[in-house]
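Notes follow once the structure below has been shown.
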Amino acid sequence: MDASSINVFLLASTLVCAIAAALLLARNRQLAGLLALRGQKQTGATNADSLTAALLASEERHAKTFALLPEVLSVSDVESGLLIEVNEAWTATSGFSRAEAIGRTSAELGLWCDEGDRLELLAQLRRKGKVVDHAVSMRHKNGNIIRCEMSGEIFSVQGRSFLLMMTRDITARLAVLAAQHQAEAALRESETKFSRVFQLLPDLAMISDADSGMLIDMNEQWTPMTGWTHAEAIGRSSLDIGFWASPADRREVIRELAEKGQIQRHDIRLRRKNGELFIAEYSGRFFSAGEHRYLISLIADVNAQRLGELERLQALEAKAASERKLRAIFDQAFQLIGTLSLDGILLEVNQAALRLVGAEAAAVLSQPFWEGPWWRHDPEKQRWLRDAIRLAANGEDVRAEVLSIDADKQLRQIDFSLRPLRDDAGRVSMLIAEGRDITALKRTSGALAISEAKFAGAFKASLDSMTISRLDTGIFIEVNEAFERMTGWPRDEAVQRDAFDLGLWPFPEEREQRLAMLRKQGFVQEFPCRTRLRNGEIRNCMGNASIIHVVNDRGEQENYLLSVMRDVTEQKRAEEHLRESERKFSLIFRLSPQPLAVAGMTHGRYIDVNDAWVDTLGIAREDAIGHTASELGLWASTDDRARLLEKLELQGSVDRFACAYRLRDGTLMHCLTSGRVFSFRGQKRAIFSFTDVTLQNEARQRIEDINETLEQRVSERTAALEESYRELATALDSLKLTQAELFRAEKMAALGALVAGVAHELNTPIGNGVTVASTLAERTREFVAEIGSGGLRRSTLNDFVDTAKTASELLLRNLAQASELVTSFKQVSVDQSSEQRRSFDLATVIEEVVATLLPNLRKTPYRIELTLAAGITLDSYPGPLGQVISNFINNAVLHAFEGRDSGHMRIESHELDDGTVEIVFSDDGVGIVEENLRRIFDPFFTTRLGRGGSGLGLHIVHNIVSGTLGGRITVDSQSGAGTRFTLTLPSAAPAAKATPTAGGRLPGAA
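Residue numbering for the sequence shown follows the UniProt record's numbering, starting at 1 and increasing by one per position.
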């Protein structure tokens, strides 16, 4: 029960007491009136007055308690629903006064927003007699909606049922909860935004524990920048994974963080996972979350930027040198060149322009250009020039052929142009006036025609795609054959269309960049871009373009764009393949298990060493690079070093040069060093590898020491071996005799078991035959007696004939069975008592062998199942094969099922793909323990020593299979899981060997 329920029941108890007191007070007032009317004694009146006073006091206390409780309380009659009492909190919450509420129902007051809520509340009260925290919407007198939770209980006083209802205004609480949910959502959104910002930062961001340095989180830039995955790094410090390339940088960062709590834009050196070093800009600061303190680090890869700054300084120096060259070119140029302010004042002029008119620079500089000596002869041209200056100042190019007068008062035809020069903001800052004396050119128009023909020929024959288009519209007016080959667009379809119409620009922003460069400088060189072919393929290209000016027949200047595009797709692929190859070779160099080092041939300092070199010599990579082997104290002998370098200089290579290196701890390491000289970017370098042969040298020394005493020890050992050999030869002869005797004993035991089994098997059909024959003889005597008495009847004759017929059939069947057994016995006995080779059906031989063993098997609870493939014919020795099968079955009965009352054996055979035959004998017996499994084919090994086991059964089997039958045998067994023997036999057994065993017979022969 929660706190609100407890409050409800406490209030209910209080109110019940108040109502009971009020009812008792009313009853006692009635009683006092009756006593007064009837004239009772003064004592009774006094008692009534005392009771009345006590009840009134109790009622007053409970009424005040009810009225002043902070909870919203009301009491109503269950039957009528009329409100009987409400407290001050109820009137404050509902807006109705007590006088307005008493004697009316809540529905009449319009307190319910939803009639369904009221009916549901009443239904619960009828079912349970109470309701707890029932959420409803109520209406204030002023019309405002109030969200409430109502709890109430029905109680009875003197037979009347009342409903005590407590209402809790939860509008504010819901608003607080809504605000809380909104704040939590805002917090989650803020966390999500922070996480997104954290992940999407262009630089590497890391969060680590301030005390331990353990990495907690990194953004998406971690793996691309460092090469480590998040899983490899989180939970480890940057020092643990080898991120810091310079311990000094790390100490400096830690010191500044400790002093200031933060660090800004500090250059450090770091190492990627692949060992590559790079320069980074580090910023970091501490922050706290709860009781923990963390460090957030921002790392920007500025390797290229720092290299770029160096390149920019070099570029500025080159630019200054270029400007000096340009000034020299400006003064020495044959063209007439000058620079003007936007209002036409001459700022600079070159020597060619001054020589043309025979003027000094001081006389013309800072003067209006149109008043210069080049134009004084023609006022109309001066006016034209002033207009041209205004156009150029507004950003337009002006070009025209004009006449000027030289120092000799001769007219010269000048190809004159005015071009605006723009600053970085794109505003026109000055004008460049340029003129070319084309007097001689005009005189040689024929030569120009030839030149144009040459250009046309070069245009058509160029291997690069070339186009000429109008500058203002982009319409192609000419394309060459290389354009057709590269893009797939024929000339007829390309001319009079623009590049956009043909879809040549897959990325319009590249075209806009080219146009901006053309507007700025009038040409574009080596501009990388991409173009789309007619088939949709996008190719990488390198483009050049320049604006050309042509004067038409009307003397008007027309501007065209000459573009040259070269397909560099394959070149870029080759470059990428080259870079990939370099990365691969670098990785191979680093990860090679052979120690490798690269050094300069001129200075001998190490340029790079791999991890194996570092691990073997114990010298850190950063300590080795930039130092020579002599500075590192590696060479144990300076003479060795001199000889190695001399051979390397003369031959360009050294192989397995014996030398010694001195390690840091002073020990010597004997090595075989190899080296090769190669060129890289015009510098001769050498790559070295070495193999540690210290252990081999020590072993060789020990061998040499041993060899010195070897002859004496060999003689002593030889004498001991000869004595041992004689003893072993004697023991072997005894063993062979014993083994031969045991072989014969095993064979005789097998034949004895075979004879006993067949005798038992023959006993049944022969016994049956004797019984039938004796019965027939008895019936014959009776039949003869009846004939002699002369009383022979036809029925007697018929009975005798039937009896004779039945007896004949039984005799024939039993004799046939006995004959079949004898035949099988003869075949098996012949096979097992001889080594005759013949062709036979495998299934038949196995079935015959099993048939001879069945009499003994039937006396046991064990069963055998044959699954033999038909049609398998072997040219082999059936006798030894039968002996193997018999041995398997007898071994299983003797060993596999010991202590069991049931067992199952199975023989399977099938032909393999290579023409060999596989025979599998398996049982579900106790199996063979692992330590015995590898010894079961050893002679005289048995687990039944002293209990009838000779230990030669499986040894004989192994000899027969691997020798006589020319096959192989394997065994698979686990303790408690049975045993499986697998024979793999050739379809034709090998020829009998000429080396007989003891007794002159093959293994297994009787």
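Even for Gly, the Cβ is constructed at its ideal location relative to N, Cα and C.
Quick check: the Cα distance between residue i and residue j, rounded to an integer number of angstroms?
{"i": "GLU918", "j": "ALA773", "result": "48 Å"}
{"i": "ASP240", "j": "GLN594", "result": "25 Å"}
{"i": "ALA425", "j": "MET542", "result": "27 Å"}
{"i": "ASP799", "j": "GLY879", "result": "50 Å"}
{"i": "ARG269", "j": "TRP244", "result": "7 Å"}
{"i": "ILE279", "j": "VAL253", "result": "14 Å"}
{"i": "ALA289", "j": "SER208", "result": "12 Å"}
{"i": "SER94", "j": "HIS140", "result": "5 Å"}
{"i": "ARG491", "j": "GLU481", "result": "8 Å"}
{"i": "VAL86", "j": "TYR294", "result": "60 Å"}
{"i": "HIS230", "j": "LEU204", "result": "12 Å"}
{"i": "ALA843", "j": "VAL926", "result": "28 Å"}
{"i": "ASP938", "j": "LEU881", "result": "20 Å"}
{"i": "GLY963", "j": "ASN932", "result": "23 Å"}
{"i": "LEU37", "j": "ASP114", "result": "The predicted position of LEU37 is uncertain, since its pLDDT is 42 and thus under 50; a value taken from the coordinates is nonetheless stated next. Near 54 Å, if we compare the C-alpha coordinates of ASP114 and LEU37."}
{"i": "ALA729", "j": "LEU737", "result": "13 Å"}
{"i": "ALA359", "j": "ARG427", "result": "32 Å"}
{"i": "MET138", "j": "GLN158", "result": "32 Å"}
How about residue i and residue j: do their beta carbons lie closer than 9 Å?
{"i": "HIS266", "j": "GLU281", "result": "yes"}
{"i": "SER404", "j": "LEU411", "result": "yes"}
{"i": "LEU721", "j": "THR691", "result": "no"}
{"i": "ARG173", "j": "MET150", "result": "no"}
{"i": "GLN836", "j": "ILE960", "result": "no"}
{"i": "GLU88", "j": "ALA67", "result": "yes"}
{"i": "MET225", "j": "LEU215", "result": "no"}
{"i": "LEU121", "j": "HIS134", "result": "yes"}
{"i": "LEU83", "j": "GLY110", "result": "no"}
{"i": "THR897", "j": "PHE981", "result": "The displayed chain sequence assigns Phe, not Thr, to residue 897. Result no, Cβ atoms of PHE897 and PHE981 do not sit closer than 9 Å."}
{"i": "ARG662", "j": "TRP635", "result": "yes"}
{"i": "ALA545", "j": "LEU587", "result": "no"}
For residue i, does the count of other Cβ atoms within 10 angstroms reach 16, so buried, or fall short, so exposed?
{"i": "ASP923", "result": "buried"}
{"i": "THR867", "result": "exposed"}
{"i": "ARG913", "result": "Per the sequence presented here, residue 913 reads as Asp, with Arg not at that position. Exposed, since its Cβ has fewer than 16 Cβ neighbours within 10 Å."}
{"i": "SER679", "result": "exposed"}
{"i": "ILE907", "result": "buried"}
{"i": "TYR877", "result": "buried"}
{"i": "HIS577", "result": "exposed"}
{"i": "PRO247", "result": "exposed"}
{"i": "HIS181", "result": "exposed"}
{"i": "VAL524", "result": "buried"}
{"i": "VAL929", "result": "exposed"}
{"i": "LEU326", "result": "exposed"}
{"i": "ALA989", "result": "buried"}
Excluding five sequence neighbours on each side, which residues of the same chain lie with their C-beta closer than 7 Å to the C-beta of residue i?
{"i": "ALA658", "result": "LEU672"}
{"i": "THR694", "result": "MET669 and HIS670"}
{"i": "ASP464", "result": "ALA482, VAL564, MET565 and ARG566"}
{"i": "ASP331", "result": "ASN350 and GLN351"}
Within its chain, find whatever has a CB closer than 6 Å to the CB of residue i; leave out the 5 residues flanking it on each side and keep chain order.
{"i": "VAL16", "result": "At VAL16 the pLDDT is 49, less than 50, meaning the model places this residue with poor confidence and gives no usable figure here."}
{"i": "GLU256", "result": "ILE263"}
{"i": "GLU558", "result": "VAL550 and ASN552"}
{"i": "ILE625", "result": "TYR606"}
{"i": "ALA869", "result": "SER909 and HIS910"}
{"i": "residue 1010", "result": "It is not possible to answer for residue 1010, since the shown part of the chain is limited to 1 through 1006."}
{"i": "ALA660", "result": "ALA636, LEU668 and HIS670"}
With a threshold of 8 Å on Cβ separation, who are the neighbours of residue i within its own chain once the five nearest residues in sequence on each side are excluded?
{"i": "ALA991", "result": "none"}
Mind checking if residue i is an interface residue toward chain C, Cβ cutoff 9 Å exclusive?
{"i": "VAL157", "result": "In the structure shown, chain C does not exist; there is a single protein chain."}
Segment contact flag, the segment 375 to 395 with the segment 325 to 345, C-beta cutoff 8 Å, min 3 pairs: Proximity of the segment 375 to 395 to the segment 325 to 345 meets the contact definition, three or more beta-carbon pairs being nearer than 8 Å.
Three CB pairs or more closer than 8 Å across the segment 600 to 607 and the segment 681 to 697: yes
Handout entry: Segment contact flag, the segment 607 to 616 with the segment 631 to 649, C-beta cutoff 8 Å, min 3 pairs
Key = no
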